[in-house]
Amino acid sequence: MKSALSLLILCLSITCGQSDAIAIDLPAVFSSHAVIQMNTELPVWGTADPGTEVTVEFAGQRVTGEADGSGSWMVTLAPIPANAEGQKMVI
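All you need for my numbering is the position in the sequence shown, starting with 1, plus 48.
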């Protein structure tokens, strides 16, 4: 009985701990192996819960924006020079 109760408490604590997750959606253009236009500003956009702060990190830049009342957000990265190395975008 104690082990069943312990298991139930563990499952509930894991489930409740995940309720703070925020859903951020991006258009399909932002995917693995995408090629970014060089030497031009790079807009990054998507949707999230209204009022959510969204931070985009890419190529040494970090830009923050906020989702509006309808959940839309957009930030703009400064122009990025040509680069033959793969980069990782973190949102």
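Don't be surprised by glycine CBs; every beta carbon is placed ideally from N, CA and C. Quick caveat: nothing in here was measured; it's all calculated off a predicted structure.
Quick one: residues in its chain with C-beta nearer than 7 Å to the C-beta of Gln109, no 5 flanking neighbours on either side, listed in chain order?
Leu125, Ala126
* Asked: If you draw a straight line from the C-alpha of Leu90 to the C-alpha of Asp73, how long is it?
  -> 17 Å
- Bridge partners - Phe78, DSSP secondary structure assignment: None, per the DSSP bridge assignment.
DSSP-derived helix/strand/coil call for Leu60 | Residue confidence for Leu60 is low, a pLDDT of 47 falling below 50, so the modelled location carries little weight; the figure read from the coordinates is stated next. In the structure shown, Leu60 sits in a helix (DSSP, three-state: H, G or I).
- Task: State yes or no: is the C-beta of Thr95 within less than 7 Å of the C-beta of Ser79?
- Result: no
Range covered by the beta strand (DSSP E) that runs through Ser120: 120 to 125
Exercise for review: Return the CA-CA distance between Ser67 and Pro129, expressed in angstroms with no decimal places.
Suggested key: Because the pLDDT of Ser67 is 47, which lies under 50, any placement of that residue in the model is unreliable, and the number read from its coordinates should be weighed accordingly. When rounded, the distance between both Cα atoms is 40 Å.
Inset, instruction - State the DSSP-derived secondary structure class of Gln109, mapped to helix, strand or coil. - result: strand
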